[in-house]
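Written below as structure tokens is the structure these notes are about.
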Amino acid sequence: MTRRLAFLALAALACDPPRRTGSLGAGGDPLQEPAVPTAFDHAAAYRDFLQRMRIADPGDRVVDYDGQARGAVRCFALREGDGLRQKACVTPTGLVREGFRPGTNPRGVGDDWAGLLAAAPDAAAMAAWLAWLASDDGPATHGPTIRRPTLVLAPGDPAIEPPHRAKVRAPELTKTADGGRFAAWFAKPGVTAPLRWTIDVDAKQTTVTQTSAVELP
Numbered sequence: 008m009t010r011r012l013a014f015l016a017l018a019a020l021a022c023d024p025p026r027r028t029g030s031l032g033a034g035g036d037p038l039q040e041p042a043v044p045t046a047f048d049h050a051a052a053y054r055d056f057l058q059r060m061r062i063a064d065p066g067d068r069v070v071d072y073d074g075q076a077r078g079a080v081r082c083f084a085l086r087e088g089d090g091l092r093q094k095a096c097v098t099p100t101g102l103v104r105e106g107f108r109p110g111t112n113p114r115g116v117g118d119d120w121a122g123l124l125a126a127a128p129d130a131a132a133m134a135a136w137l138a139w140l141a142s143d144d145g146p147a148t149h150g151p152t153i154r155r156p157t158l159v160l161a162p163g164d165p166a167i168e169p170p171h172r173a174k175v176r177a178p179e180l181t182k183t184a185d186g187g188r189f190a191a192w193f194a195k196p197g198v199t200a201p202l203r204w205t206i207d208v209d210a211k212q213t214t215v216t217q218t219s220a221v222e223l224p
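Dropping the structure here:
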């Protein structure tokens, strides 16, 4: 009797194959199971960027700046001699390159300011990324490299000249459903007056602005 029951159970399995557990489409056909998401590879995205810049084999010259990593953003640079070039902060949707280029672009064109703003945990992190990207770490043509950092300014900072101290505010970050706004003050090497950088992102475009304290009342 036991053998007969076992045989009947096996026969039932053969006639009734395992059922799919996925959802059904409109016609009753099983839908494909969603893929399991994988972690975004920031380092691979940066190396792809170097490929586009015609740097085919960076080898071990890629530097990962762990101290700048916050949330979904990681920052990289290419070591050249005793300096750095091709600095970039990589987001899951793109990257923002070294320097600071004022102007207006359609959203998704050029630097990924929308992605960087969305990933920023706070205004201080956003300001730190911009200061790092804007700092001059390039290799010197002759002699040792002299690093010329860009600094984030805060109200009352002694580095601010007295005529401009009342104008400087702490970094500000506001996020909206389709973008947001960032503003902060910076001190750049060789520039006497503080600079106010603003980034405005909406559903259609990104506007990056640089204003000297001299131009403001």
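Residues 8 to 224 (this note's numbering) are what the sequence shown spells out, left to right. No residue lacks a Cβ here, since even glycine has one placed at the ideal position from N, Cα and C.
- [ ] Give the straight-line distance between the Cα atoms of D89 and I62, rounded to the nearest whole angstrom.
- [x] Along the sequence shown, one-based indexing puts residue 89 at 82. Along the sequence shown, one-based indexing puts residue 62 at 55. Each residue's Cα considered, the two are about 18 Å apart.
- [ ] Please report the Cβ distance between L158 and V175, rounded to the nearest whole angstrom; I am assuming they are in contact, meaning their Cβ atoms lie under 8 Å.
- [x] As a working note, residue 158 is residue 151 in the sequence shown. As a working note, residue 175 is residue 168 in the sequence shown. Not quite, the Cβ-Cβ distance comes to about 12 Å (not below 8 Å), so this is no contact.
Open item on the list: In the DSSP output, which residue or residues are listed as bridge partners for T205?
Closed with: For this step, residue 205 is matched to residue 198 along the sequence shown. Looking at the DSSP output, T205 shares a beta bridge with A190 and T216.
Open item on the list: Check whether the segment 106 to 118 and the segment 47 to 56 touch, using three or more Cβ-Cβ pairs below 8 Å as the test.
Closed with: no
- [ ] Could you say which of A95, R92, I153 and F189 lies nearest to P196 if we only look at CA atoms?
- [x] Taking the first residue of the sequence shown as position 1, residue 196 is located at position 189. Among A95, R92, I153 and F189, the Cα nearest to that of P196 belongs to I153.
TODO: Work out the CA separation of G163 and R172 for me, nearest whole Å.
DONE: To locate residue 172, count along the sequence shown from 1; it is residue 165. To locate residue 163, count along the sequence shown from 1; it is residue 156. If you take the alpha carbons of R172 and G163, they lie about 6 Å apart.
Task: Spatial neighbours of T218 in its chain, beta-carbon cut-off 6 Å, leaving aside the 5 residues before and after - done: Along the sequence shown, one-based indexing puts residue 218 at 211. So the qualifying residues of the chain are R203.
TODO: Could you name each continuous beta strand (DSSP E) segment of 3 residues or more that falls completely within the segment 105 to 137, going from the start of the chain to the end?
DONE: 110 to 113
Open item on the list: Can you tell me which residues form a DSSP beta bridge with A95?
Closed with: Here residue 95 refers to the residue found at position 88 when the sequence shown is read from its first residue. According to DSSP, which records beta bridges pairwise, A95 is partnered with F83 and R104.
Task: Any non-hydrogen atom of the ligand ZN within 6 Å of S142 CB - done: For the ligand ZN, the structure offers nothing, since it holds no ligand at all.
Task: T98 versus A84, R155 and R77, residue with shortest Cα-Cα distance - done: By one-based count along the sequence shown, residue 98 stands at place 91. Looking at the Cα atoms, R77 is the closest of the given residues.
Task: When E105, A220, R92 and E87 are compared against D118, the one with the closest alpha-carbon - done: On the sequence shown, position 111 is the one that residue 118 refers to. Selected option, being the one with the closest Cα: E105.
TODO: Return the bridge partner residues of Q90 from the DSSP annotation.
DONE: Numbered from its first residue, the sequence shown carries residue 90 at position 83. The identity of residue 90 in the sequence shown is Gly, whereas the question assumes Gln. E87, per the DSSP bridge assignment.
Task: Limits of the unbroken alpha helix (DSSP H) element including L57 - done: Within the sequence shown, numbered from 1, the residue matching residue 57 stands at position 50. From DSSP, the alpha helix (DSSP H) with L57 extends over H49 to R59.
Open item on the list: Does L140 come out as helix, strand or coil in the three-state DSSP assignment?
Closed with: Along the sequence shown, read from residue 1 onward, the residue named residue 140 stands at position 133. Note: L140 maps to helix in three-state DSSP.
- [ ] Tell me whether L223 sits in a helix, a strand or coil according to DSSP, three-state version.
- [x] Mapped onto the sequence shown, residue 223 falls at position 216. Three-state DSSP puts L223 in coil, outside helix and strand.
TODO: Kindly identify the DSSP beta-bridge partner or partners of L160.
DONE: For the purposes of this step, residue 160 is taken as the residue at position 153 of the sequence shown. Paired residue(s): none; L160 is not in a bridge.
Task: First through last residue of the beta strand (DSSP E) which encompasses T148 - done: Locating residue 148 in the sequence shown gives position 141, counting from the first residue. Where T148 is concerned, there is no enclosing beta strand (DSSP E), given that its DSSP letter is neither H nor E.
Task: Unbroken beta strand (DSSP E) run spanning T183, endpoints - done: Here residue 183 is taken as the residue at index 176 of the sequence shown, counted from 1. For T183, the enclosing beta strand (DSSP E) has its first and last residue at E179 to T183.
- [ ] Look at the alpha carbon of L102 and the alpha carbon of V215, and state the distance between them as a whole number of angstroms.
- [x] Start at 1 with the first residue of the sequence shown, and residue 102 comes out as number 95. Start at 1 with the first residue of the sequence shown, and residue 215 comes out as number 208. Per the coordinates, the alpha-carbon of L102 lies some 15 Å from the alpha-carbon of V215.
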